[in-house]
Amino acid sequence: MWSSLPLSARVSADCEDCHNESVSTSAASVTITYCTQCNWVLRASWMATELLNTFGTELGSVTLVPGTGGVFTIEVDGQLIWERKRDNGFPDVVTLKKLVRDIAVPDWNLGHADTAAE
Numbered sequence: 067m068w069s070s071l072p073l074s075a076r077v078s079a080d081c082e083d084c085h086n087e088s089v090s091t092s093a094a095s096v097t098i099t100y101c102t103q104c105n106w107v108l109r110a111s112w113m114a115t116e117l118l119n120t121f122g123t124e125l126g127s128v129t130l131v132p133g134t135g136g137v138f139t140i141e142v143d144g145q146l147i148w149e150r151k152r153d154n155g156f157p158d159v160v161t162l163k164k165l166v167r168d169i170a171v172p173d174w175n176l177g178h179a180d181t182a183a184e
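For the sequence shown, this note's numbering gives the first residue as 67, with consecutive numbering after it.
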């Protein structure tokens, strides 16, 4: 049915589950800086997607910033939480979510990710 609608209708159609627009102005901002020379855009965008799917509107933004020289850093509100060179690689997704949660929304329950560490 969706594909049979004209493009203008698909673009402007409201989600049946979404009734009120809400954007948190005080929510944390995450910045992922990745190396374009190393082709890490897919890794960075996957991590951004994981954070957005997990925290939703609890995050004010997740920004991807292209860089060079092997850079891969993740910041929450300007606070460096991961640096590839310093931390010897990339974070696994559970570690990343915990690091972001601890700064952005400390009371957020990560469900199975929290219980796996216990």
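Even for Gly, the Cβ is constructed at its ideal location relative to N, Cα and C. Note that the coordinates shown come from a computational prediction; the quantities given were computed from them, not determined experimentally.
With 16 other Cβ atoms within 10 Å as the buried cut-off, status of residue i
i	result
VAL166	buried
THR115	exposed
THR120	buried
VAL142	buried
Residues of its chain near residue i, where Cβ-Cβ distance is below 8 Å and the 5 sequence neighbours each way are ignored
i	result
LEU117	VAL96, LEU125, VAL128, LEU162, LYS163, VAL166
Contact set for residue i: own chain, Cβ-Cβ below 6 Å, skip 5 residues either direction
i	result
ILE147	ILE140, LEU165
LYS151	none
One or two residues paired with residue i in a DSSP bridge
i	result
CYS101	GLY133
SER95	SER127
Would you check if the stretch 97-116 and the stretch 136-143 touch, i.e. whether three or more CB-CB distances between them fall below 8 Å? yes
Which runs of the beta strand (DSSP E) at least 3 residues long sit entirely within the stretch 128-162? Give them in chain order. 138-142, 145-149
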